[in-house]
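As structure tokens, the structure follows; a few thoughts come after it.
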């Protein structure tokens, strides 16, 4: 029997029948690898853009929070400080305008200062990206929605909340451009942040921390002197319609009529007059007050503090120097305790007022030497303020026109 060797043509046919299977395997693997690489690249691009947008949103929210905190005090109506015989009508329009100016003034506004130190992706166009509203929130512990948010402030109504919104629209003049864009993906995204800062005037005490001082000066003032004498026989040395008060402390022996007293802010520590000058200059830290803070103090629940209405001439000189330093400082505002009743060696503090220190002097009179500290009412905002009664069942908290806390309501 003859054995026929396969021809070259037959061998080529065999190879043809085997090659497509191997090629198909390699082709499938290549296609799968390409798909995986493509999916990986797309996923990476999405993750990069998503991370960038989240960081941009976070930075924008931090910015509007800072802006609302920084400008909320402009809502405090200056007319309320002028102590007219009849309470003046509220005029919130100029206060809102002042808040906007503080934020978006060219070169000097807070946004201009932010842009000067920020990279281009973080800059805000003012006023096109900015919305500022004055509103009234009745309950700062509830979300500012619906009936708890009223931005239709009319004459005679007080706004207590400043809403700041920054919106960089994708289709606007200042969008947030994506880091990786093209190939049919969006070029930009809309980034928005909103913050509500509420002025809380229910101030009855202070809680300083170990590193943040409360600007409380240890000079207590008679409530009758502040609320009655100051307004019934007004002195207005700087002609700004804010009646001033001369707080009087006796120096050495004499019969000077006093209306104030230096107080010991920590009942657990000895009353050292050497501490008074430093507290006047720098405020009080946690170690300067009794554990838990200074207050609450109200007419219904006064706070008893050790007090001295007379100092010797050496101490008076040191205290005069301290108040002169306050006057010359960048912020001559301080908080002063108000007392309703006094007895030898103590006073009953019922609250606090904020005032600007205008003048101080040691004077000689027919009744003896005295230390005179001239004050006028002033706004003050400080984040270490306590705003609740010691008695948790109480719901009515007396308002203080001159002292406010800013609360971030959202």
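Numbering (full-length UniProt numbering), first residue to last: 1 to 410. For every residue, glycine included, the Cβ atom is placed at its ideal position computed from N, Cα and C.
Outcome for residue 239 when other beta-carbon atoms lying within 10 angstroms are tallied against a minimum of 16: In the chain shown, the residue the question calls residue 239 occupies position 239. Per the 10 Å Cβ criterion, exposed.
Boundaries of the alpha helix (DSSP H) in which residue 315 is found, first to last residue: Along the chain shown, one-based indexing puts residue 315 at 315. Start and end: 313-328.
Where residue 384 falls: helix, strand or coil (DSSP): Here residue 384 refers to the residue found at position 384 when the chain shown is read from its first residue. With a pLDDT of 42 at residue 384, under the threshold of 50, the modelled position of that residue is not reliable, and the figure given next carries that caveat. Correct three-state label for residue 384: coil.
Between the CA atoms of residue 38 and residue 209 - distance to the nearest angstrom: In the chain shown, the residue the question calls residue 209 occupies position 209. In the chain shown, the residue the question calls residue 38 occupies position 38. Each residue's Cα considered, the two are about 55 Å apart.
Neighbourhood of residue 285 by C-beta distance below 6 Å, restricted to the same chain and skipping five residues each side: Here residue 285 refers to the residue found at position 285 when the chain shown is read from its first residue. Hits under 6 Å: 208, 213.
DSSP-derived helix/strand/coil call for residue 187: If you number the chain shown from 1, residue 187 lands on position 187. Residue 187: coil per DSSP, three-state reduction.
Residues near residue 233 in its chain [Cβ-Cβ closer than 6 Å; skip 5 each side]: Here residue 233 corresponds to residue number 233 of the chain shown, with the count starting at 1. Same-chain partners within the cutoff: there are none.
Continuous beta strand (DSSP E) stretch holding residue 340: start and end: Within the chain shown, residue 340 is the residue found at index 340, counting from 1. That run of the beta strand (DSSP E) goes 333-343.
Cutoff 8 Å; reference residue 382; Cβ partners in own chain excluding five residues on either side: The residue labelled residue 382 in the question sits at position 382 within the chain shown. Confidence at residue 382 is low in this model, with a pLDDT of 48, below 50, so its placement is unreliable and no value can be given for it.
For residue 108, three-class secondary structure by DSSP: If you number the chain shown from 1, residue 108 lands on position 108. Three-state result, residue 108: coil.
Coarse secondary structure for residue 372, derived from DSSP in three states: Taking the first residue of the chain shown as 1, we reach residue 372 at position 372. Strand, per DSSP.
Inter-residue Cα distance where the pair is residue 60 and residue 145: Walking along the chain shown from the start, residue 60 turns up at place 60. Walking along the chain shown from the start, residue 145 turns up at place 145. About 21 Å.
Touching by the beta-carbon criterion (3+ pairs, under 8 Å), the stretch 153-163 and the stretch 121-137: yes
Local Cβ density within 10 Å of residue 366, reported as buried at 16 or more and exposed below that: Counted from its first residue, the chain shown places residue 366 at position 366. Residue 366 comes out exposed.
Nearest neighbour of residue 248, chosen from 329, 328, 68, 369 [CA to CA]: As a position in the chain shown, residue 248 is number 248, starting the count at 1. Taking only the C-alpha atoms, the option nearest residue 248 is 369.
Residue from 222, 198, 277 with nearest C-alpha to residue 142: If you number the chain shown from 1, residue 142 lands on position 142. For the residues 222, 198, 277, the minimum Cα distance to residue 142 belongs to 198.
From 358, 256, 177, 291, residue whose alpha carbon lies closest to that of residue 268: The residue labelled residue 268 in the question sits at position 268 within the chain shown. Looking at the Cα atoms, 291 is the closest of the given residues.
Run of the alpha helix (DSSP H) containing residue 276, from where it starts to where it stops: As a position in the chain shown, residue 276 is number 276, starting the count at 1. Per DSSP, residue 276 belongs to the alpha helix (DSSP H) from 276-282.
Best match in 75, 265, 172, 108 for proximity to residue 196 [C-alpha to C-alpha]: In the chain shown, the residue the question calls residue 196 occupies position 196. The shortest Cα separation from residue 196 among 75, 265, 172, 108 belongs to 75.
Residues sharing a beta bridge with residue 193, DSSP: Position 193 of the chain shown, counting from 1, holds the residue named residue 193. BP columns for residue 193 point to 166.
Meets three-Cβ-pair contact criterion under 8 Å: the stretch 254-262 and the stretch 220-230: yes
For residue 260, the residue or residues it bridges with in DSSP: On the chain shown, position 260 is the one that residue 260 refers to. Residue 260 is bridged to 221.
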